[in-house]
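**Student:** One structure, pasted below without further comment.
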Amino acid sequence: MDDSARTSTEFRTTSGRVAGRRSPDGVIAVLGVPYAAPPFGPHRFREPRPVPGWGDRRPRDCTEFGPVAPQSAELPGAPVWRPGDEDVLSVNVWVRPRPDGGPLPVLFWIHGGAYTFGSSAEPGFDGAALARAGVVVVSCNYRVGFEGFGHVPGFPDNRGLLDQVAALRWVRDNIAEFGGDPERVTVAGHSAGGGSVACLLGMDRARGLMRRAIAHSVPAAFFSAGAAAAVSSRIARAAGVAPT
């Protein structure tokens, strides 16, 4: 992060410039930054794809949280999913730059919600307090419910976890611009987020993307691919469509 970034709310990412907002105490929040392309249309149920760049001519307005992933839940104080929302794969960054410009440790937070609901925009997940304490905080949205974890023959399983890996790669490639240290990333989460942390620790794709991990209230039950396939078949029958 250069001198101009320390006094500005604009940052340069691999996809283009982004502009956040600054609070009176100096914490900069950059919200709703896409880390992957919209996972809809022919790309539904597929691995996350690189986000198309928007260039540097004009910074992207990142002063509000991005849309949440498709779900039926409506949580107090958090955005709700609306049909047509597309940029659901986004990250949020909170930072209060150090006067000396030195790199700060990074906390990457994964929200819970039984793998079926939730978002990074829930009021309790505001990263400003930790940013004031000298940590760069990143949170992400990922696909939940059947979109993220349903078994669909011929498509990758655990797409929500693949989204999280893509978000961690975004951190690796971009967090230095925000004053964070890509070599000091701690991944943390609670409930389904804690379960996600446990899974990420065992994934080859996530190797090298984190230094430490904190898993709060990890669910005890994990389901096999066979059990997931049975659920998919029941959903398909209820919808009157083929399971593929």
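In terms of this note's numbering, the sequence shown opens at residue 11 and continues consecutively.
Cβ atoms here follow ideal geometry from the backbone N, Cα and C, with glycine treated the same way.
1. Kindly indicate which three-state DSSP category A235 falls into: helix, strand or coil?
2. Taking the beta carbon of D12 as the centre, do at least 16 other beta carbons fall within 10 Å, making it buried, or is it exposed?
3. Among T23, R244, A249, which one has its Cα closest to the Cα of V103?
4. Is it true that the segment 22-41 meets the segment 82-94, where meeting means three or more beta-carbon pairs spaced less than 8 Å apart?
5. Under 8 Å Cβ to Cβ from T19, same chain only, skipping five residues before and after it: list those, please.
6. Is the Cβ-Cβ distance between V147 and L117 less than 9 Å?
7. Using C-beta distances below 6 Å, list every residue in its chain close to V43, excluding the 5 sequence neighbours before and after it, in chain order.
8. Measuring only the C-alpha atoms, how far is N151 from G250?
9. Are the Cβ atoms of V228 and G205 separated by less than 9 Å?
10. Between W180, P163, V181, R194, which lies nearest to R56 when the distance is taken from Cα to Cα?
11. What residue range is occupied by the uninterrupted beta strand (DSSP E) comprising A198?
12. Please classify A248: is it buried, with 16 or more other beta-carbons within 10 angstroms of its beta-carbon, or exposed?
13. Any chance the segment 217-227 sits against the segment 189-201, with 3 or more Cβ pairs inside 8 Å?
14. Along the chain, which unbroken stretches of the beta strand (DSSP E) at least 3 residues long are found entirely within the segment 122-182?
15. Between S82 and H161, is the Cβ-Cβ spacing less than 9 Å?
16. Using a threshold of 9 Å, state whether the C-beta atoms of R182 and V195 are closer than that.
17. Kindly provide the ranges of any alpha helix (DSSP H) runs that are 4 or more residues long and lie completely inside the segment 33-70, ordered along the chain.
18. Would you give the residue range spanned by the beta strand (DSSP E) that P89 belongs to?
19. Per DSSP, what are the beta-bridge partners of E20 in this structure?
**Tutor:** This is what the structure gives:
1. helix
2. Legend: pLDDT at D12 = 46, less than 50; position of this residue unreliable, no value from coordinates given.
3. T23
4. no
5. A29, G30, R31, R32, I38, V40
6. yes
7. V28, C72, S100, V101
8. 30 Å
9. yes
10. P163
11. 190-200
12. exposed
13. yes
14. 146-150
15. Cβ atoms of S82 and H161: not closer than 9 Å.
16. It is a contact, given that the beta carbons lie within the stated cut-off.
17. Counting only runs of at least 4 residues, the segment 33-70 fully encloses no alpha helix (DSSP H) element at all.
18. No beta strand (DSSP E) contains P89, which DSSP labels as neither H nor E.
19. A29
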